[in-house]
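One structure is given here, and the rest of the page talks about it.
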Amino acid sequence: EGQKTGAFLDQEWNRCVMTHYVFDGAHVLDLFSYTGAWALHALAAGAGAATAVDTSKHALNLAQENAERNHLAQALTCVREPAVDFLKKQKKHWDVIVLDPPAFVKSRRDLEEGVKGYIDVNRRALSRLRPGGILVTCSCSQHIDMPTFERIILTAGKQAGKSLRLLESRGQGPDHPVLMCMPETRYLKVLVLQAT
Numbered sequence: 001e002g003q004k005t006g007a008f009l010d011q012e013w014n015r016c017v018m019t020h021y022v023f024d025g026a027h028v029l030d031l032f033s034y035t036g037a038w039a040l041h042a043l044a045a046g047a048g049a050a051t052a053v054d055t056s057k058h059a060l061n062l063a064q065e066n067a068e069r070n071h072l073a074q075a076l077t078c079v080r081e082p083a084v085d086f087l088k089k090q091k092k093h094w095d096v097i098v099l100d101p102p103a104f105v106k107s108r109r110d111l112e113e114g115v116k117g118y119i120d121v122n123r124r125a126l127s128r129l130r131p132g133g134i135l136v137t138c139s140c141s142q143h144i145d146m147p148t149f150e151r152i153i154l155t156a157g158k159q160a161g162k163s164l165r166l167l168e169s170r171g172q173g174p175d176h177p178v179l180m181c182m183p184e185t186r187y188l189k190v191l192v193l194q195a196t
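With the UniProt record's numbering applied, the sequence shown covers 1 to 196.
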């Protein structure tokens, strides 16, 4: 149920890397959270509070159950709402924001609209980051390569009035290898950025 399915093991290494950018007491926003894996990793690493936003009631229930099992429930807030709608209403700023949406571009004909969608959601997320905050932004759209994704994020940063410093450029974990003869197997793009 919801926009996503599965445990997304291709992101496991990236979730672990993200914890290096979470300081004790940090406030973390996990958008398109599904079962809240990014939020829960952040809380386990010492974040003071995490908010998981998704449209699936079932997925958010699983996030809450996982938080309870790991004694993190007090620090997790689950919000059932589309991520862009949530961002439109926010006045709060976060220390770390994770954007891990479903693919906005499922075919080449969706490219123009998908790029606009990625720019919009990243611009909105960047506007909710505290100065010096960290954005972990992802795209699993195979029709958007890493240079294109970097240009998308640069555009979003300019529109948000933010200067961005690229800390890491990542893909799927080594248990999801890229076949050199099949470029579509390099589908996951993950950028870790600091915004000022």
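All C-beta atoms in this analysis are idealised placements derived from N, C-alpha and C, irrespective of residue type, glycine included.
#1: What does the alpha-carbon distance come out to for the pair L111 and P102?
#2: For a test of the three-state rule: what should DSSP assign to E168, helix, strand or coil?
#3: Within a Cβ cutoff of 6 Å, which residues of the same chain sit near Y118, ignoring the five residues on either side of it in sequence?
#4: With a threshold of 8 Å, are at least 3 pairs of Cβ atoms found where one atom belongs to the region 60-69 and the other to the region 83-92?
#5: So, are the CB atoms of I134 and V96 less than 8 Å apart?
#6: With I153 as the anchor, note down where its alpha helix (DSSP H) starts and where it stops.
#7: Give the straight-line distance between the Cα atoms of V22 and G114, rounded to the nearest whole angstrom.
#8: Can you tell me whether DSSP reads T55 as helix, strand or coil?
#9: Going residue by residue through the region 68-154, where are the continuous alpha helix (DSSP H) segments of at least 4 residues, counting only ones entirely within it?
#10: What is the DSSP secondary structure of A195, reduced to helix, strand or coil?
#11: Excluding the 5 residues preceding and the 5 following S33 in the sequence, name in chain order all residues of the same chain whose CB lies nearer than 7 Å to its CB.
#12: Can you tell me which of A50, F8, R15 and L87 puts its alpha carbon nearest to the alpha carbon of A26?
#13: Relative to the C-alpha of K162, which residue among E168, R123 and N61 is closest?
#14: How is D10 classed by DSSP in three states: helix, strand or coil?
#15: Under three-state DSSP, which class holds H176?
#16: Kindly indicate which residue of V79, A45, Q172 and M18 has the alpha-carbon position closest to the one of L60.
#17: Taking the C-alpha atoms as reference points, what is the distance between E168 and V190?
On the basis of the data shown:
#1: Here the question's residue 111 lines up with position 111 in the sequence shown. Here the question's residue 102 lines up with position 102 in the sequence shown. So the alpha carbons of these two residues sit roughly 14 Å apart.
#2: Counting from 1 along the sequence shown, the entry for residue 168 is found at position 168. DSSP places E168 in strand when its eight states are reduced to three.
#3: In the sequence shown, the residue the question calls residue 118 occupies position 118. Sequence-distant Cβ neighbours of Y118 in its own chain, meaning closer than 6 Å and more than five residues away, are F104 and I152.
#4: Contact fails: fewer than three Cβ-Cβ distances are below 8 Å.
#5: Residue 134 sits at position 134 when you count from the first residue of the sequence shown. Residue 96 sits at position 96 when you count from the first residue of the sequence shown. Contact flag set, yes.
#6: Numbered from its first residue, the sequence shown carries residue 153 at position 153. M146 to A160 is the span of the alpha helix (DSSP H), which, as asked, contains I153.
#7: Position 22 of the sequence shown, counted from the start, is the residue given in the question as residue 22. Position 114 of the sequence shown, counted from the start, is the residue given in the question as residue 114. Each residue's Cα considered, the two are about 29 Å apart.
#8: Here residue 55 is taken as the residue at index 55 of the sequence shown, counted from 1. If DSSP states are grouped into helix, strand and coil, T55 belongs with coil.
#9: Listed in chain order, the alpha helix (DSSP H) runs fully inside the region 68-154 are 83-89 and 111-126, counting runs of at least 4 residues.
#10: Translated into the one-based positions of the sequence shown, residue 195 becomes position 195. If DSSP states are grouped into helix, strand and coil, A195 belongs with the strands.
#11: Along the sequence shown, one-based indexing puts residue 33 at 33. Annotation for S33: A39, A52, V53, D54 and A63 place their beta carbon closer than 7 Å to its own, counting only its chain and skipping 5 residues before and after.
#12: Residue numbering aside, residue 26 sits at position 26 when the sequence shown is read from its first letter. Checking every option, the nearest Cα to that of A26 belongs to A50.
#13: The residue given as residue 162 occupies position 162 in the sequence shown. From the listed residues E168, R123 and N61, the smallest Cα separation to K162 is found for R123.
#14: Numbered from 1 along the sequence shown, position 10 holds the residue referred to as residue 10. DSSP places D10 in the helix class (H, G or I) of the three-state scheme.
#15: Taking the first residue of the sequence shown as 1, we reach residue 176 at position 176. Judged by DSSP in its simplified three-state form, H176 adopts coil rather than helix or strand.
#16: As a first step, residue 60 must be located in the sequence shown, where it is residue number 60. The candidate whose alpha carbon is nearest that of L60 is V79.
#17: Here the question's residue 168 lines up with position 168 in the sequence shown. Here the question's residue 190 lines up with position 190 in the sequence shown. Taking the straight line joining both Cα atoms gives about 8 Å.
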